[in-house]
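K.L.:
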Amino acid sequence: MSRKAILCILAATVMVMAFTFGSMACTSIIVGKNASVTGEVLLGHNEDNGGRLVMPVYLVDHQTNAKGELLQLENNTARIPQAAETARYFWTETRAPLPGASFSDFMYNEYGVAVASDSCASSKVDTSIAELVDNGMGYAIRKIIGERAKTAREGVELAAWLVETYGYFASGRSYQICDKNEGWVFQVVMGKTFCAQRVPDDEVMVIPNHYVTRKVDFKDAKNFVTSKNLITYAVEKGWYKPAKEGDYSDFDFAKTYQKETSFRAASNTFRHRYAHKILHGLDIPADAELPFSVKPLKKVGLQDIMNALSYHYEGTPDDLTNGYKDGYLHFTTMRVLCASSTQESYAIQLRNDPNFTVLWRSSGHPCTSPYTPWYGGIMSVPEEYAFIDPALGKATHFAALSDNYSYDPSRAWWAFIDLQTLVNFNYATDGMKVREWKAALQKEWFANQKAFESAVMGVYKADKAKALAMLTEYSSKNALRAMNEARELYNEILRLDVEILSAEIDLAKAEEPVKAVLFGSADVDVSKVDLQTLAIGADYSNPSSWARARETAVSDVNLDGFADITFTVLTKDIRSLTPCYMNLWVSAKYAGGPTLAAQDTVSVVKSF
5 MSRKAILCIL AATVMVMAFT FGSMACTSII VGKNASVTGE VLLGHNEDNG
55 GRLVMPVYLV DHQTNAKGEL LQLENNTARI PQAAETARYF WTETRAPLPG
105 ASFSDFMYNE YGVAVASDSC ASSKVDTSIA ELVDNGMGYA IRKIIGERAK
155 TAREGVELAA WLVETYGYFA SGRSYQICDK NEGWVFQVVM GKTFCAQRVP
205 DDEVMVIPNH YVTRKVDFKD AKNFVTSKNL ITYAVEKGWY KPAKEGDYSD
255 FDFAKTYQKE TSFRAASNTF RHRYAHKILH GLDIPADAEL PFSVKPLKKV
305 GLQDIMNALS YHYEGTPDDL TNGYKDGYLH FTTMRVLCAS STQESYAIQL
355 RNDPNFTVLW RSSGHPCTSP YTPWYGGIMS VPEEYAFIDP ALGKATHFAA
405 LSDNYSYDPS RAWWAFIDLQ TLVNFNYATD GMKVREWKAA LQKEWFANQK
455 AFESAVMGVY KADKAKALAM LTEYSSKNAL RAMNEARELY NEILRLDVEI
505 LSAEIDLAKA EEPVKAVLFG SADVDVSKVD LQTLAIGADY SNPSSWARAR
555 ETAVSDVNLD GFADITFTVL TKDIRSLTPC YMNLWVSAKY AGGPTLAAQD
605 TVSVVKSF
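Per our numbering, the sequence shown starts with residue 5, numbered consecutively.
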């Protein structure tokens, strides 16, 4: 093997390892305009990622770029010529520790094009990837679609150009690209191979984390766009051999390019089948071949999409919590649609006028966070949601500072994450209370939608600026209301107070003790806590894996007349710590009652 080939292998391997964060368990839904209740193309998407992260919401302005400007996103990747002008777009970012997130983020631009993605790993790949140009590209697909695409079809063509020109440096992924007229699923394999399929206008498509295109009609350019090497590459690698030479009618894209271990993985097939069940009542047998799309048994609406994306298999034999009685709803061994890693959710109405497209967006788990209406034509985002300047966000997407993802309760993100974490411990009671609040809010917003939009349309032609200001004020008001009410509910449900006594936690000092105290009160007698259940951990890790107390002592620490519990763990006991100003949760089972939980903050560092 030549030195150049060896370097290509090493470079590709490093790229894949460095930028794997993003879309680890997403689910997407596309509803054709003739299959939807509203007569519009609908896009649903759950964005899933693990670990420490936050999600700023940005509005990036339409801009003119310097001639000859090159766009480089991840370090040591292809430098791509920038367009003379780039669109204004709405962007929700997965802001995470180094090296950042290549395969996450949602974008919707001024032309009415939306893009989101799902991992389809593991696909069959050739890690030599000698055909990558300057290590290829990854994040560029969604960014360039957001900045340039004027239609969904053009978004597909841009993605195809990028893959054919530079190559894709990661394993399998699908990009859902939609506009007012159509929805596409662009499925890419590491290297320069892809297959895109259009969702029929009268059908519904669901994609978890596996490829969904089965049969490919290479003569149907209206509904398929594929790389030139789609067949030859598979034949060359021994992944596909036509039954009859030169006849590719038996070619199955998903079966050919999905790795055998993930082709029918239960974590995917369950979501695929149950989503169709909730959306329109279709029962797909467990052993059936999973379709790209189907004609629905009834028209599908926004609420159907919200219900599907919020689902945990309740009322089925696959509900592993036995009706919220056992374990933690979002941390079950079988992946559900609304999972522990779900960081945001969308149900989108794509309108003829992009300004009136409604991005119904939920922060965190959609089962407990309301889908808030954001209009495509808004002119600003509340600072509680847009807590980073868009220019800085773009410049540092792959170099986030720890302050960006440190705990800050003034940011909307934490209002929803705190609430979902708290109710996870007693979902049958606290969770249902929050769900009732969420349902009432959404019902109110749906009821108000028609009258509000009529009022805006009444001034739109005569005074567009005033109309857009109305859309902005309405979107901001509802987003802030959701945030404030989430925080109020959190404070109402919170039963416990905890304080981390350690000044900081140093990851370099694994044996260092971390001390905390659980305060008793007139409402909570901590002497009734089962000390064997006392644990501390991060909100994004499974509470079953939290660090158990090594030492405990009961005394009246704050001299208020009520017993308190002081306890100790070691730094090495606490999983998934991230250097930043971090919130850690403490939980304990209360004798004859609920699990108690509360949080406090501490600086996490790593000395050298």
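Quick reminder that beta carbons are idealized off the backbone N, C-alpha and C, glycines included.
1) Per the DSSP calculation, P377 is bridged to which residue(s)?
2) Let me check understanding here. Comparing Cα to Cα, which of T217, A455, E448 lies closest to T260?
3) Assign S178 to buried or exposed, taking buried as 16 or more other Cβ atoms, counted over all protein chains shown, within 10 Å of its Cβ.
4) Out of K223, V502, T265, T90, point me to the one whose CA is closest to L600's CA.
5) According to DSSP, is P370 part of a helix, a strand, or is it coil?
6) Using the DSSP secondary-structure output, state which residues sit across from Q191 in a beta bridge.
7) In angstroms with no decimal places, state the Cα-to-Cα distance between S611 and T572.
8) Note down, in chain order, each residue of its chain lying with its Cβ closer than 7 angstroms to the Cβ of E97, except the 5 sequence neighbours on either side.
9) What would DSSP say about Y237, mapped onto helix, strand or coil?
10) Less than 8 angstroms between the CB atoms is what I'm expecting for Y411 and M586, so what's the real figure, rounded?
11) Under three-state DSSP, which class holds Y478?
12) Whole angstroms are fine: how far does the CA of L47 sit from the CA of N619?
13) Would you say D291 reaches chain D, if we count a Cβ-Cβ gap shorter than 8 angstroms as a contact?
14) Among the candidates V521, L581, W417, K576, whose CA atom is the shortest distance from the CA of S559?
15) I need the boundaries of the beta strand (DSSP E) containing N587, first residue and last residue.
16) Have a look at A144 and L77 and give me their C-alpha separation to the nearest angstrom.
17) Just the Cα atoms here: how many angstroms apart are N326 and K465?
18) Under DSSP, the beta strand (DSSP E) around Q347 begins and ends at which residues?
19) Using the Cβ count rule (16 or more neighbours within 10 Å means buried), how would you classify W165?
20) Go ahead and label I426 buried or exposed: buried means 16 or more other beta carbons lie within 10 angstroms of its beta carbon, across all protein chains shown.
21) Report the rounded CA-to-CA distance for Y115 versus A153, giving the unit in angstroms.
22) Taking only three categories from DSSP, how would you classify I504?
23) For E348, is the classification buried or exposed, using 16 other Cβ atoms within 10 angstroms of its Cβ as the cut-off for buried?
24) Skipping 5 residues on each side, what residues in its chain have a beta carbon closer than 6 angstroms to that of S480?
25) To which residues of the same chain is T570 closer than 6 angstroms at the C-beta, ignoring the five residues directly before and after it?
26) Thinking P212 and R275 are a contact (beta carbons under 8 angstroms), I'd like their distance in whole angstroms, please.
P.N.:
Quick look at the numbers:
1) Answer is W364, bridged to P377.
2) For T260, the closest C-alpha among the options T217, A455, E448 is that of T217.
3) buried
4) V502
5) Coil, per DSSP.
6) S178, C199
7) 21 angstroms
8) M59, P60, Y62, D109, G397, H401
9) helix
10) 6 angstroms
11) helix
12) Look at the range of the chain in this structure, 5 to 612, and you will see that residue 619 is not part of it.
13) In the structure shown, chain D cannot be found, because there is only a single protein chain.
14) V521
15) 584-593
16) C-alpha separation (whole angstroms): 7 angstroms.
17) 54 angstroms
18) That run of the beta strand (DSSP E) goes 346-354.
19) exposed
20) The sequence as given places Leu at residue 426; Ile does not occur at that position. Per the 10 Å Cβ criterion, buried.
21) 7 angstroms
22) strand
23) buried
24) P386
25) Excluding positions up to five away in sequence, the list reads V521, A557.
26) 4 angstroms
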